[in-house]
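In terms of the numbering used here, the sequence shown opens at residue 295 and continues consecutively. The structure appears below as C-alpha cells.
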Amino acid sequence: MTTRKSAILLLVTLAVSCQAFAVRPMVSPRYHRMHRIRRIPWNPVFKPSHESLLLQNAEINRLNLPRIRDDKQLQALIASEDLVAIVPDQTLRIQPSLDPARRFCRPWTLDFLEDISEAYYKEFHDQIQVNSAVRTVLVQKKLRRHNRNAAPETGETASSHLAGLTVDLQRRGMSKAQVKWMEEYLRPLKEMGLIEPEEERRHWCFHIMVAGSYDDYRQMRMLATQQDSSAALLEITSIGLPTVAPTTQQSALGQ
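Here it is as C-alpha cells:
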C-alpha cells in the first residue's frame with residue numbers, strides 16, 4: 295500500500311511539473327532587452343514632435359534648399375561647395391560606419407558643429423560624435439524599411455537630413471552631467487530660432503537642424519567678443535599707471 299501511494303504521489307508531482315513547464319512561454323533575449331529599454335525613464339527636454347518636423351521643413355523651404363534625390367545631385371552640391379566636409383579632429387569624431395559620401399553638411403551647420411564640439415571638449419575633455427549628416431531620398435527610403443519611426447522622404451514632415459542642414463550627435467554613453475550640459479547649451483539656441491533639436495530615443499542621439507541664420511549669429515557673437523576683448527585690454531593697460539605731474543622742463547617743452 296505504501297509503495298502504491300508513493301507511486302501515485304510521484305505521478306502527481308511529475309504531472310504538475312510538466313504543466314508548469316508547458317505554460318512557461320519561451321521569451322527571446324531581444325524581448326528582455328527591449329523590456330529593459332522601455333522601463334528606462336525617458337523625459338527629454340527636446341521631445342520629437344510633428345510640430346518640430348514642420349518647423350524643420352519650413353526652414354528648408356525658407357532657404358529654398360533642395361531635398362537631395364540621389365548621389366549624383368549630392369556630388370554636384372559637394373563640387374559647388376554648397377555642402378562641406380565634416381572632418382574629425384581633437385574635439386570631434388565620426389561614427390566609423392557612416393558612409394564617407396554622407397559626411398557632409400551645409401557650411402553653417404559645420405560652424406555649429408565646430409562651436410559645440412569645442413565647447414564640449416573644453417568642458418569634458420571628450421569628443422562629440424557625429425552619427426549622421428546629409429542623406430539622399432534613396433537613403434531615407436531604405437532607412438524607413440528598417441525604422442518605422444524615421445521621418446518620411448517626402449511631404450511636409452520629410453527628414454531635414456535631405457537638405458544637409460541637420461546632424462545627429464550621439465547621446466548614448468553620455469553621463470547625466472554631459473546630457474544636461476548639451477540640453478543647456480542647445481536651449482538658448484532653440485529659443486532664438488537658430489536650431490531645432492530633438493532627442494531621439496531609438497538611436498539615443500541629439501537630432502539637430504541648424505537654421506541658416508546661425509552664420510549671422512556667429513559673426514555677431516564673434517564681433518561682440520572682439521569688442522569686449524578690446525575694451526578689456528584698454529582697461530587692463532590703464533590699471534596701475536600713475537598720473538605723473540609734468541616737470542618744469544616738460545611744461546616748457548609743451549609750450
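We treat Cβ as the ideally placed atom computed from N, Cα and C, and that holds for glycine.
Got a sec, what are the start and stop residues for the alpha helix (DSSP H) residue i sits in?
i, result
"Asn355", "344-356"
"Glu375", "Run containing Glu375: none; DSSP gives neither H nor E here."
"His440", "431-440"
Which class does residue i belong to by DSSP, given the choice of helix, strand or coil?
i, result
"Arg387", "strand"
"Phe418", "helix"
"Thr403", "helix"
"Leu463", "strand"
"Ser469", "coil"
"Met486", "coil"
"Ala539", "Confidence at Ala539 is low in this model, with a pLDDT of 48, below 50, so its placement is unreliable and the value that follows should be read with caution. It is coil, neither helix nor strand."
"Ile410", "helix"
"Asp510", "helix"
"Ile450", "According to the sequence as given, residue 450 is Glu; it is not Ile. DSSP places Glu450 in coil when its eight states are reduced to three."
"Arg363", "coil"
"Ala445", "coil"
"Leu480", "helix"
"Lys474", "helix"
"Thr368", "In the sequence under discussion, the amino acid at residue 368 is Leu, which differs from the Thr named in the question. Leu368: helix per DSSP, three-state reduction."
"Asp393", "coil"
Rounded to a whole number of angstroms, what is the C-alpha to C-alpha distance between residue i and residue j?
i, j, result
"Phe340", "Val428", "21 Å"
"Ser507", "Glu353", "10 Å"
"Ser346", "Glu492", "8 Å"
"Glu485", "Tyr511", "13 Å"
"Phe406", "Glu412", "10 Å"
"His344", "Leu488", "19 Å"
"His440", "Arg495", "16 Å"
"Gln384", "Leu483", "24 Å"
"Arg356", "Arg465", "29 Å"
"Glu490", "Arg438", "22 Å"
"Gln521", "Met514", "10 Å"
"Trp402", "Gln421", "20 Å"
"Tyr414", "Pro342", "23 Å"
"Glu477", "Gln369", "34 Å"
"Met468", "Leu386", "15 Å"
"Ala445", "Ile502", "14 Å"
"Pro338", "Ala505", "22 Å"
"Glu375", "Pro382", "18 Å"
"Ser426", "Lys436", "15 Å"
"Tyr479", "Leu463", "13 Å"
I think residue i touches residue j, with their Cβ atoms under 8 Å apart; what is that distance to the nearest whole Å?
i, j, result
"Val431", "Val461", "With a Cβ gap of about 18 Å, Val431 and Val461 do not count as contacting."
"Glu447", "Leu456", "7 Å"
"Gln434", "Ser454", "No, Gln434 and Ser454 are not in contact; Cβ-Cβ is about 11 Å, not under 8 Å."
"Cys499", "Leu459", "No, Cys499 and Leu459 are not in contact; Cβ-Cβ is about 16 Å, not under 8 Å."
"Val378", "Leu359", "The pair is not a contact, with the Cβ atoms about 14 Å apart (cut-off 8 Å)."
"Ile362", "Leu371", "7 Å"
"Gln367", "Phe418", "With a Cβ gap of about 38 Å, Gln367 and Phe418 do not count as contacting."
"Arg397", "Ile388", "6 Å"
"Asp365", "Ala395", "7 Å"
Hey, quick one: how far does the beta strand (DSSP E) through residue i stretch, first residue to last?
i, result
"His501", "499-504"
"Glu493", "489-494"
Name the DSSP beta bridge partners of residue i, please?
i, result
"Gln423", "Arg387"
"Phe398", "Ala379"
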